[in-house]
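Number of protein chains: 2
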Amino acid sequence: MQLDNRKKEVLHAIVDDYVSTNEPVGSKSLIERHNFQVSSATLRNDMAELEHLGLIEKPHTSAGRIPSDKGYREYVNSLMTIDELSPREQLEIEKRIDTSVDEVTDLIKNATHTLSETTGFVSLAMSPRLKKSFLKQLKILMIEPGKALVVMVLSAGVVKDKVVRIPNFLSDEQIMKISGAVEKHLTGKPLDEITLVTVESAGKSTDVPEPLLKQVLYEAYAAIKQADELNIYLEGEHRMLSLPDFSSLGRARDLLGTLSDSGMVAGYVNEMENAAKEGGSDDSFMIRIGQEITLEGLDDCSFITATYNLTDSVSGNIGVIGPKRMLYSKVISQIDFVKKKLNKEMQRFT
Amino acid sequence: MQLDNRKKEVLHAIVDDYVSTNEPVGSKSLIERHNFQVSSATLRNDMAELEHLGLIEKPHTSAGRIPSDKGYREYVNSLMTIDELSPREQLEIEKRIDTSVDEVTDLIKNATHTLSETTGFVSLAMSPRLKKSFLKQLKILMIEPGKALVVMVLSAGVVKDKVVRIPNFLSDEQIMKISGAVEKHLTGKPLDEITLVTVESAGKSTDVPEPLLKQVLYEAYAAIKQADELNIYLEGEHRMLSLPDFSSLGRARDLLGTLSDSGMVAGYVNEMENAAKEGGSDDSFMIRIGQEITLEGLDDCSFITATYNLTDSVSGNIGVIGPKRMLYSKVISQIDFVKKKLNKEMQRFT
DNA sequence: TGTTGGCACTCGGAAGGTAAGAGTGCTAAT
DNA sequence: ATTAGCACTCTTACCTTCCGAGTGCCAACA
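Residue numbers (numbering that gives the first Met the number 0), protein chains in the order written: chain A, 0 to 349; chain B, 0 to 349.
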């Protein structure tokens, strides 16, 4: 995209003005508000050019221009500058995140909540991708005949457990034997390398009769697999209703309808993450604008996520879904700050 | 409320018509749609009377009448008849609730989801009130230096746990001692009878040095208290946006804003439950209509909940928040059916 | 070649005015 | 107690008009 400097400034100004006023911006008001040393007619020529390039568009013939998805994209990629949050703002966020929690999950939820409050948009976080973390402990505890609890401690400092059904007549002792054998064989293995076969071979060394053993091992395997399932935390959906961008009930309904299917959103975030990894983009933010988002009803939204790290190999995402008419630089620095705060606090757990 | 038969029929008809058409109903359309053996002028007189009694009201001078909160209340209390769901509908619900889950919590979530889908409204469920359930097992497991897991098995078939911090230099053995002592003293006690004092005295019999012991016991106590905290599950908030009753963005925003504070909703449900218990109402449904609801933004809603039972003494609530312009009898039978299904499936866990 | 002033043109939105329709309350008659 | 009739009210939809912001283009200019 080869734009001369003034055209860049014009696009920049249009985005800024439109974001702050929510009105299509015309050549005249552009002159009034910014210090362009040229006349409105000149800007009109520039704007016609920008429109030709698909960076801005007009809602109808006699209105000003608004940025197109492509225009926002250009703005985000090359035009905007991101500056740090002011100390005030930083303090505000630090005050909000409650870090006196005992589990990583709570910390993430807190961060998500804070992010939604500070941005005024929908925030979301994915639970850490635990596939790459390894098993530090695994215990099967007898709860009552027919019922046991599989407790797993993972390298990332996370504890997971699951109630499982076991054959009724297994004794406490037998369970302990199995538990010990499984733990011995699996400790140190990353979750994504543990398969049903691995688990079953781990149980071989016990003298528990075959079919019973097999059932317990299967349940243990299921518990392990459940441990690396991804959760998503979404917050502040209702805030979208306060934005003029969603003052049409139809849009709002489509948006919230889609967001209510959290599994679908989680899937999309995962796709984004994978695409970013493959694309080799070392940019720390993933940004999708408007129609770039393939989820239904998010045409007027932008999706911005960052990656937090629980350990070197275990990470997750945290970010925001807002109107595409947003203060990108501000929101990005807010996400960035929350992410950093999260990374720092997470060290306590690992 | 002494109403002659025809007036009752008129109110009944007005509610029915208004619920199904969402239009204020006038004397003429009332005649057309129902088999009143009198003229519209007579109905007009009756309606004037009903309005005088505060049971119906008109949005403006030249419109038909709509039921007031009091009118709905009369309808719900004395006018409507509740009939069972058709076999079709029953089947539909049974098909939807996935009962192949391992934990009570998942069952409740499933039921809530189903209820929202079948009614088309917001559904909600409270987790079981575990105060009255007693401790069957309590184990403190060492995870790593400074960190332990408190696992509790409750009489209601529920397993709860919490990661807690403990002094770094406590040994595995010491923790096991404490765990054993606490379990021995507390097993069989209902949760609401366990206090910090109880827990601390339970630890006396160990030979672990005082300040360390005290910290562990405190954490154990905190874990127990956390176990009986109430959770609320809310589903389908976005469905409200599809209802004509909330086609005004302002109303919709207020409603979803309030619902987003799940703690507040949970508190309200609890209040309702307590009020019902004190009132000695043996009615199995709690119904709040319009302004009867003290939560902000729910003026146009009705709140209907029923009580499910996990055990004799452990119960929770499940229900619906919908527009007050709803098919009460249908919704009530839907909730009733889901509740019964839930009660039945829960027996598996206890 | 890029910039500028000028001007005719377009279109959406606000304002105002009218007509239709549904429903009411009241009165007088049955 | 019930009914027919009628004047009155109020909302809604629809039309017309008008204003202003903004555009594109042209001819003149540096």
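The beta carbon of each residue, even a glycine, is placed where N, CA and C say it ideally should be. Because the structure is a prediction, the values reported are computed rather than measured.
Contacts with chain A at 8 Å (Cβ-Cβ) do not include residue 145 of chain B.
For residue 136 of chain A, the enclosing beta strand (DSSP E) starts and ends at 134-143.
Beta-bridge partners assigned by DSSP to residue 307 of chain A: A/315.
Within chain A, not a single residue places a beta-carbon under 9 Å from that of residue 333 of chain B; the smallest gap is close to 20 Å. For residue 341 of chain B, the CB contacts under 6 Å within the same chain, skipping 5 residues up- and downstream, are 110 and 307 in chain order. The alpha helix (DSSP H) runs of length 4 or more contained entirely in the stretch 229-308 of chain A are, from start to end of the chain, 248-259 and 261-277. Listed by position along chain A, the residues whose Cβ is nearer than 9 Å to that of residue 246 of chain B are 248. Selection B/123, B/30, B/90 and B/23 evaluated against residue 233 of chain B yields B/123 as nearest (Cα-Cα).
Bounds of the beta strand (DSSP E) holding residue 122 of chain B are 121-125.
Not a single CB atom of chain A sits nearer than 8 Å to the CB of residue 207 of chain B.
Considered as a whole, the stretch 77-130 of chain B harbours 121-125 as its complete beta strand (DSSP E) runs of no fewer than 3 residues, in chain order. At a cut-off of 8 Å between beta carbons, residue 95 of chain B makes no contact with chain A. DSSP places residue 22 of chain A outside both helix and strand once states are collapsed to three, so it counts as coil. A contact between stretches requires three or more CB pairs, one per stretch, nearer than 8 Å, and the stretch 148-167 of chain B meets this requirement with the stretch 95-103 of chain A. Between the alpha carbons of residue 106 of chain A and residue 320 of chain A lies a gap of roughly 20 Å. By the Cβ-count criterion, residue 127 of chain A is buried, with 16 or more other Cβ atoms from all chains shown falling within 10 Å of its own Cβ. DSSP places residue 207 of chain B outside both helix and strand once states are collapsed to three, so it counts as coil. Within the stretch 250-266 of chain A, the residues whose Cβ lies closer than 7 Å to some Cβ of chain B are 251, 252, 255, 256 and 259, listed in chain order. Nearest to residue 132 of chain A by alpha-carbon distance, out of A/271, A/193, A/15 and A/20, is A/193. Residue environment analysis places residue 209 of chain A among the exposed positions, since fewer than 16 neighbouring C-beta atoms fall within 10 angstroms of its C-beta. The continuous beta strand (DSSP E) containing residue 151 of chain B extends over residues 146-153. Contact annotation: residue 120 of chain B and residue 296 of chain B have beta-carbon atoms that are not nearer than 8 Å. At least one CB of chain B lies nearer than 8 Å to the CB of residue 152 of chain A.
With contacts defined as CB atoms closer than 8 Å, residue 252 of chain B and residue 241 of chain A qualify as a contacting pair. According to the DSSP assignment, residue 347 of chain A belongs to no beta strand (DSSP E), since it is labelled neither H nor E. In chain order, 113 place their CB closer than 6 Å to the CB of residue 95 of chain A, counting only its own chain and leaving out the 5 sequence neighbours on each side.
The residue among B/143, B/144 and B/152 with its C-alpha nearest the C-alpha of residue 144 of chain A is B/152. DSSP places residue 323 of chain B in the coil class of the three-state scheme, outside both helix and strand.
Between the stretch 65-73 of chain A and the stretch 46-56 of chain A, the count of Cβ pairs shorter than 8 Å is three or higher; the stretches touch.
For residue 286 of chain B, the closest C-alpha among the options B/262, B/254, B/328 and B/156 is that of B/328.
About 24 Å separates the beta carbons of residue 84 of chain A and residue 66 of chain A, which is beyond the 8 Å limit, so they are not a contact pair. Taking residue 138 of chain A as the centre and dropping the five residues before and after it, the same chain places the C-beta of 150 and 178 closer than 6 Å to its C-beta, in chain order.
In this chain, residue 162 of chain B is not harboured by any alpha helix (DSSP H); it is covered by the beta strand (DSSP E) spanning 158-164. The residues 195 and 198, in chain order, have a CB closer than 6 Å to that of residue 220 of chain A in the same chain once the five nearest residues on each side in sequence are set aside.
Counting C-beta atoms within 10 angstroms of its own C-beta, residue 172 of chain B has fewer than 16 neighbours from the protein chains shown and is therefore classed as exposed.
Using a Cβ distance threshold of 8 Å, residue 185 of chain A and residue 134 of chain A count as a contacting pair.
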